[in-house]
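A quick write-up on the structure given underneath.
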Amino acid sequence: MNENEIRTRVLAELTAVAPDVVAAEVEPGTRFRDQFDFDSMDFLNFAIGLHQAFAIEIPEADYPQLQTLDGAVAYVKRQRVVP
Amino acid sequence: MSTAAQRLSYREACRQAIRAAIQADERVFLMGEDVGRYGGCYAVSKGLLDEFGPERIVDTPLSEAAFVGAGIGAAIGGLRPIVEIMTCNFSLLALDQILNNAATIPHMSGGQFSVPLVIRMATGAGRQLAAQHSHSLEGWYAHIPGLRVLAPATVTDARYMLQAALADPNPVLVFEHIMLYALEGELDPGVSAVDIEHAAIRRPGRDLSLITYGGSLPKALSAAELLAAEGIDAEVVDLRVLRPLDDATIMESVRRTRRAVVIDEGWRSGSLAAEVCTRIVEQAFYELDAPLARVCTEEAPIPYAKHLEDAALPQPEKIVAAARALVGGRG
Amino acid sequence: MPSLGADMEAGRLVEWRVKPGDRVQAGDIIAVVETQKGAIDVEIFQSGVVESFLVEPGREVPVGTPLARILGEGEAATAVPAAPAPTPAATVPPPARSRVSPVARRRAVELGVDLAALSGSGEEGAITLADVERAAAPAASQDRAGAMRRAIAAAMSRAKREIPHYYLSATFSVEPALAWLEAENARRPLPERILPAVLLLKATALALRAAPELNGTYAGDGFRHSDDIHLGVAVFLRSGGLVAPALRNADRSDLSALMHELRDLVARARSGGLRASELSAPTMTVTSLGEQGVEVVLPVIIPPQVAIVGFGSIVERPWVEAGAVVARRVVTASLAADHRASDGHCGALFLQAIGRLLQEPEKL
Chain Y
463 MNENEIRTRV LAELTAVAPD VVAAEVEPGT RFRDQFDFDS MDFLNFAIGL
513 HQAFAIEIPE ADYPQLQTLD GAVAYVKRQR VVP
Chain G
39 MSTAAQRLSY REACRQAIRA AIQADERVFL MGEDVGRYGG CYAVSKGLLD
89 EFGPERIVDT PLSEAAFVGA GIGAAIGGLR PIVEIMTCNF SLLALDQILN
139 NAATIPHMSG GQFSVPLVIR MATGAGRQLA AQHSHSLEGW YAHIPGLRVL
189 APATVTDARY MLQAALADPN PVLVFEHIML YALEGELDPG VSAVDIEHAA
239 IRRPGRDLSL ITYGGSLPKA LSAAELLAAE GIDAEVVDLR VLRPLDDATI
289 MESVRRTRRA VVIDEGWRSG SLAAEVCTRI VEQAFYELDA PLARVCTEEA
339 PIPYAKHLED AALPQPEKIV AAARALVGGR G
Chain D
212 MPSLGADMEA GRLVEWRVKP GDRVQAGDII AVVETQKGAI DVEIFQSGVV
262 ESFLVEPGRE VPVGTPLARI LGEGEAATAV PAAPAPTPAA TVPPPARSRV
312 SPVARRRAVE LGVDLAALSG SGEEGAITLA DVERAAAPAA SQDRAGAMRR
362 AIAAAMSRAK REIPHYYLSA TFSVEPALAW LEAENARRPL PERILPAVLL
412 LKATALALRA APELNGTYAG DGFRHSDDIH LGVAVFLRSG GLVAPALRNA
462 DRSDLSALMH ELRDLVARAR SGGLRASELS APTMTVTSLG EQGVEVVLPV
512 IIPPQVAIVG FGSIVERPWV EAGAVVARRV VTASLAADHR ASDGHCGALF
562 LQAIGRLLQE PEKL
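Right, dumping it as structure tokens:
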């Protein structure tokens, strides 16, 4: 899975959690919370979505790395190569 | 030539059309029962015998099979006959000639023979002529490949469809509704020809399409006026050409209004209205916002008694009721 | 017609989910009702057999109007259905499958409109293009948001007009609670992790056991205590407005169950799938604006309830423990309570209890 495919899938998980978010309009470097009323429940659902979509473990301590689109894509990419 | 709009009756428009055709082309002549001395059973050809003589205005014996067959022969032989059958009720006596000869010869001869024949006939009910003289059989003829079937419903179409029909190398049937003859209308001075390909939008509207032809057009237009008073904006589509049907105009209208009532003086079962409805469902199903509706003649022989005849036929009130039911949920 | 909010006067029956002759169990969804707060599933509170419908879909009827007649076990059918409102002229039975015109169905897919949430204005209740476009129009959603705004306005005006609020607040360390939770979550697979908000909710619910004057409703005849603790949770909606459905018996659920229920409730609140009973059930409400960086919330009671607790942000602050200043994560809880039902003393004990419970998270 290349970076573009990961990004598409991450965006899909994001819009599944927040249906009002338009994928094309997500600012990749801005925190979700600052872009669209993303609360801790949304964030948890997003993390669960990534966990299930990519079969990766996400310790709570890593949550801060998932708060932007770029951050989440980079995180998923790293976690997938490390077994 | 005057450029002012000329007001005339449908009957007069038919007569002008025949006169102009005879004047324009020496191959054209009119043939039929009582078209000469009597002036035609609906007085369409009145005066034409005096004007053009018995070579061009030909009274025939009372044998539809014989004079329609003669017309076919004349057409194959190079003439441009206009055959008048008094009413479509009697055309059944010539059905073999129309269906088995006129419609098939161009096909069976591999295009070697063309049949540039025009048959005019009166159609419809409304004059208390009872069951045997009140049929609307244009829907039957519209079933037959090889024919073009026209239903002029305005004075302009009555005036100009004939010349287009005569120019067609294949047989053309023209159905003139008996209730239209006396109606008057304006002849647009800017028009000198009409096509015999397309349906026409006689009244634009947004809320539903009233699709009709011939003698039911004035009823549909009246219904549209009644509906307008209720705030329902009906579009009226005049089919004009019953075969081949102009699907594009029908679908374009239905795509705009999303609802349709088809009005047809034929009986409902197996009617032209059924054909139009089926095409709409085939081609524009996903555009529809309501079921289709039909207003047709009741499935009984046309009664003689005035009130029963009126009750049997499509009427503006029935069209309004059908339209209202479809548009109930609008807005 | 159930009351789905203190200020609901009438509701429109959108559809029946059962038919006469069906056997129903208490808790089954039997109908959908359209209110100012959106389409709400209506539950049946008794088991039995649906004998007849007294209200047809599409009609708006006042709260309290019988919608259907249910026969209990062994009950015989009655001959005369006593419909209080005039029956509609049309006697056409509602179609079993909702009617949707072809173009309406196609357009609904294009616009992402949920047909199940619509009621039709066409012949025999058919959903037409206009119904779909109205549902999708920004003007229409403004209408819906506007209706919710009006409902909130009515409830809050009533609260401020009728309820003599008193306000108390207290700040406590949540360091032990969060430390415990972090360790707990580290053991849990991601889908089973618990949000800090759940600890606050559970502590509040348990504290309510010792403060019965805060748990219940106030009506014309005075305060009525509720033995059960159904904690309302204020959920903001992305489309505007908020709803506060109940976590039933929140004091009796363990943290995992409470987390599971909260996730489900928030998801359904935002997708418009709440049950009628969830909206009318709360015996007290919790609101949290901490996520928005607010330290102190001074909430307004949702009538007919008599108390509401607001939590602010969890923030790190200098804190004195055993004579030393240390950095601690703290939260401020505020209580707004109805002075007709309780006094400040009771409220103060209640807040104290929440703080104390949060110091022993393993017992929550």
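Chains as they are written, first to last, in the numbering used here: chain Y, 463 to 545; chain G, 39 to 369; chain D, 212 to 575. Even for Gly, the Cβ is constructed at its ideal location relative to N, Cα and C.
**Item:** residue 247 of chain D, buried or exposed, once every other Cβ within 10 Å from all chains shown has been counted against 16
**Value:** Within the third sequence, residue 247 of chain D is the residue found at index 36, counting from 1. When all chains shown are included, residue 247 of chain D counts as buried.
**Asked** Exposed or buried, residue 375 of chain D, counting other C-beta atoms within 10 Å across all chains shown (16 or more means buried)?
**Response** Taking the third sequence and counting its residues from 1, the one referred to as residue 375 of chain D is at position 164. Exposed.
**Request:** Report yes or no: is there a C-beta of chain D within less than 8 Å of the C-beta of residue 296 of chain G?
**Result:** By one-based count along the second sequence, residue 296 of chain G stands at place 258. Interface residue, yes.
**Prompt:** Quick one: Cα of residue 454 of chain D to Cα of residue 511 of chain D, how far?
**Reply:** Here residue 454 of chain D refers to the residue found at position 243 of the third sequence. Here residue 511 of chain D refers to the residue found at position 300 of the third sequence. Between residue 454 of chain D and residue 511 of chain D, the C-alpha separation is close to 14 Å.
**Item:** Of the listed residues Y/487, Y/528, Y/540, nearest to residue 505 of chain Y (C-alpha basis)
**Value:** The sequence position of residue 505 of chain Y within the first sequence is 43, counting from 1. Closest by alpha carbon: Y/528.
**Prompt:** Secondary structure at residue 514 of chain Y, three-state DSSP: helix, strand or coil?
**Reply:** As a first step, residue 514 of chain Y is located in the first sequence; it is residue number 52 there, counting from the start. Under the three-state reduction of DSSP, residue 514 of chain Y is assigned to helix.
**Request:** Compare the C-alpha of residue 475 of chain Y against each of Y/496, Y/515, Y/541 and name the closest.
**Result:** Start at 1 with the first residue of the first sequence, and residue 475 of chain Y comes out as number 13. The residue with the shortest Cα to Cα distance from residue 475 of chain Y is Y/515.
**Asked** Using a Cβ-Cβ distance under 8 Å, would residue 426 of chain D count as near chain Y?
**Response** To locate residue 426 of chain D, count along the third sequence from 1; it is residue 215. No, residue 426 of chain D lies away from the interface with chain Y (no Cβ there is under 8 Å from its Cβ).
**Message:** If we define contact as Cβ-Cβ less than 8 Å, is residue 396 of chain D a contact residue for chain Y?
**Reply:** Here residue 396 of chain D is taken as the residue at index 185 of the third sequence, counted from 1. Judged by the 8 Å Cβ criterion, residue 396 of chain D is in contact with chain Y.
**Asked** Using the rule of at least 16 other Cβ atoms within 10 Å of the residue's Cβ for burial, across every protein chain shown, is residue 461 of chain D buried or exposed?
**Response** The count along the third sequence starts at 1 and reaches residue 461 of chain D at position 250. Residue 461 of chain D comes out buried.
**Asked** Whose CA, out of G/239, G/79, G/207, lies closest to the CA of residue 117 of chain G?
**Response** Reading the second sequence from its first residue, position 79 is the one you call residue 117 of chain G. For residue 117 of chain G, the nearest C-alpha among the options comes from G/207.
**Prompt:** Got a sec: is the Cβ-Cβ distance from residue 510 of chain Y to anything in chain D below 8 Å?
**Reply:** Counting from 1 along the first sequence, the entry for residue 510 of chain Y is found at position 48. By this cut-off, residue 510 of chain Y is an interface position.
**Item:** residue 104 of chain G versus residue 333 of chain G: straight-line alpha-carbon distance, rounded
**Value:** The residue given as residue 104 of chain G occupies position 66 in the second sequence. The residue given as residue 333 of chain G occupies position 295 in the second sequence. Roughly 37 Å separates the two Cα atoms.
**Item:** 8 Å Cβ cutoff met for residue 575 of chain D and residue 466 of chain D
**Value:** Locating residue 575 of chain D in the third sequence gives position 364, counting from the first residue. Locating residue 466 of chain D in the third sequence gives position 255, counting from the first residue. Cβ atoms of residue 575 of chain D and residue 466 of chain D: closer than 8 Å.
**Item:** Residues that residue 506 of chain Y contacts on chain D, provided the C-beta gap is smaller than 8 Å
**Value:** Along the first sequence, one-based indexing puts residue 506 of chain Y at 44. Correct list: 404, 406, 474.
**Asked** How would you call residue 465 of chain Y, buried or exposed, if buried means at least 16 neighbouring beta carbons within 10 angstroms?
**Response** By 1-based counting over the first sequence, the position of residue 465 of chain Y is 3. Flag for residue 465 of chain Y reads exposed.
**Asked** Can you give the beta carbon distance from residue 572 of chain D to residue 410 of chain D, rounded, assuming they're within the 8 Å contact cut?
**Response** Walking along the third sequence from the start, residue 572 of chain D turns up at place 361. Walking along the third sequence from the start, residue 410 of chain D turns up at place 199. Confirmed, Cβ separation roughly 6 Å.
**Span of the beta strand (DSSP E) around residue 334 of chain G** = Position 296 of the second sequence, counted from the first residue, corresponds to residue 334 of chain G. Its beta strand (DSSP E) spans residues 331 to 335.
**Prompt:** Where does residue 320 of chain G sit, in a helix, a strand or coil, going by DSSP?
**Reply:** Taking the second sequence and counting its residues from 1, the one referred to as residue 320 of chain G is at position 282. In the structure shown, residue 320 of chain G sits in a helix (DSSP, three-state: H, G or I).
**Contiguous alpha helix (DSSP H) assignments of at least 4 residues, all confined to the stretch 122 to 163 of chain G** = 126 to 129, 143 to 146
**Request:** Please check the pair residue 48 of chain G and residue 221 of chain G, which I expect to be a contact at CB under 8 Å, by giving their CB distance rounded to whole angstroms.
**Result:** Stepping through the second sequence from its first residue, residue 48 of chain G is reached at position 10. Stepping through the second sequence from its first residue, residue 221 of chain G is reached at position 183. Confirmed, about 5 Å.
**Request:** Pull up the distance between the alpha-carbon of residue 87 of chain G and that of residue 61 of chain G, whole angstroms please.
**Result:** In the second sequence, the residue the question calls residue 87 of chain G occupies position 49. In the second sequence, the residue the question calls residue 61 of chain G occupies position 23. Whole-angstrom Cα-Cα distance: 13 Å.
**Message:** Am I right that residue 106 of chain G and residue 157 of chain G are in contact with their C-beta atoms under 8 Å? What's the rounded C-beta distance?
**Reply:** In the second sequence, the residue the question calls residue 106 of chain G occupies position 68. In the second sequence, the residue the question calls residue 157 of chain G occupies position 119. The pair is a contact, with the Cβ atoms about 7 Å apart (cut-off 8 Å).
**Message:** To test your reading of the DSSP string, which unbroken alpha helix (DSSP H) runs of 4 or more residues are found completely within the stretch 487 to 538 of chain Y?
**Reply:** 494 to 497, 502 to 516
**Asked** So with Cβ pairs under 8 Å, would you call residue 401 of chain D a contact of chain Y?
**Response** The count along the third sequence starts at 1 and reaches residue 401 of chain D at position 190. Output row for residue 401 of chain D: interface = yes.
**Three-pair Cβ contact test at 8 Å for the stretch 435 to 443 of chain D versus the stretch 489 to 497 of chain D** = yes
**Item:** chain D residues whose Cβ lies nearer than 8 Å to that of residue 522 of chain Y
**Value:** Here residue 522 of chain Y corresponds to residue number 60 of the first sequence, with the count starting at 1. Those within 8 Å of residue 522 of chain Y in chain D are 393, 396, 397, 404.
**Asked** Skipping 5 residues on each side, what residues in its chain have a beta carbon closer than 7 Å to that of residue 179 of chain G?
**Response** Working through the second sequence from its first residue, we reach residue 179 of chain G at position 141. 185, 187, 211.
**Sufficient close CB pairs (3 or more, under 8 Å) joining the stretch 273 to 293 of chain G to the stretch 249 to 261 of chain G** = yes
**Request:** Would you identify the three-state DSSP class for residue 119 of chain G, choosing helix, strand or coil?
**Result:** As a working note, residue 119 of chain G is residue 81 in the second sequence. Here residue 119 of chain G sits in strand by DSSP.
**Message:** Report the start-end ranges of each beta strand (DSSP E) in the stretch 233 to 276 of chain D that is 3 residues or longer and not cut off at the edges.
**Reply:** 240 to 246, 249 to 254, 259 to 264, 271 to 273
**Request:** Kindly indicate which three-state DSSP category residue 340 of chain G falls into: helix, strand or coil?
**Result:** Numbered from 1 along the second sequence, position 302 holds the residue referred to as residue 340 of chain G. Residue 340 of chain G falls in the coil class under three-state DSSP.
**Asked** Does the beta carbon of residue 467 of chain D come closer than 8 Å to any beta carbon on chain G?
**Response** In the third sequence, residue 467 of chain D corresponds to position 256, counting from 1. With 8 Å as the cut-off, residue 467 of chain D does not count as an interface residue toward chain G.
**Asked** Using the C-alpha atoms, what's the distance from residue 64 of chain G back to residue 126 of chain G?
**Response** In the second sequence, residue 126 of chain G corresponds to position 88, counting from 1. In the second sequence, residue 64 of chain G corresponds to position 26, counting from 1. Counting only the Cα atoms, residue 64 of chain G lies some 27 Å from residue 126 of chain G.
**Message:** Give me the chain D residues within the contact set of residue 327 of chain G, using Cβ-Cβ distance strictly less than 7 Å, ordered along the chain.
**Reply:** Numbered from 1 along the second sequence, position 289 holds the residue referred to as residue 327 of chain G. 312, 314, 315, 339, 340, listed in chain order.
**Asked** Taking Cβ positions, are residue 73 of chain G and residue 52 of chain G nearer each other than 8 Å?
**Response** The count along the second sequence starts at 1 and reaches residue 73 of chain G at position 35. The count along the second sequence starts at 1 and reaches residue 52 of chain G at position 14. No. Outside cutoff.
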